[in-house]
């Protein structure tokens with residue numbers, strides 16, 4: 001079973017996990033990355049200056065495979 005690693009980026013900066021997780025497929029690992037991102041958002045939405053949370057997925061050789069991001073954008077509707 002392939003091993004995958006996650007790197008989290010939130011309000012506190014970047015945090016890499018040293019623990020590898022086994023998933024049957026890359027799609028299963030991506031689904032877990034989405035679930036982790038949802039948990040991060042539930043703890044608090046992203047804030048300025050980046051307004052972003054992300055989970056990056058790596059294979060067992062630590063090569064990047066995908067990044068799942070949540071970007072919060074505020075659009076003013078006030079007249080100028």
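In our numbering, the protein residues as written are 1 to 80. Glycine included, every Cβ here is placed at the ideal spot set by N, Cα and C.
Beta-bridge annotation (DSSP): residue 15 is paired with 8.
Burial is judged here by how many other beta carbons sit within 10 angstroms of a residue's own beta carbon; residue 40 has at least 16 and is buried. Taking a 10 Å sphere around the C-beta of residue 68, we find 16 or more other C-beta atoms and assign the residue as buried.
By DSSP's assignment, residue 3 forms a beta bridge with 22. Distance from the CA of residue 29 to the CA of residue 74, rounded to the nearest whole angstrom, comes to 30 Å. For residue 48, no beta strand (DSSP E) run applies, since DSSP gives it neither H nor E.
Here the alpha carbon of residue 50 sits roughly 14 Å from the alpha carbon of residue 44. In the DSSP assignment, residue 66 forms a beta bridge with 57.
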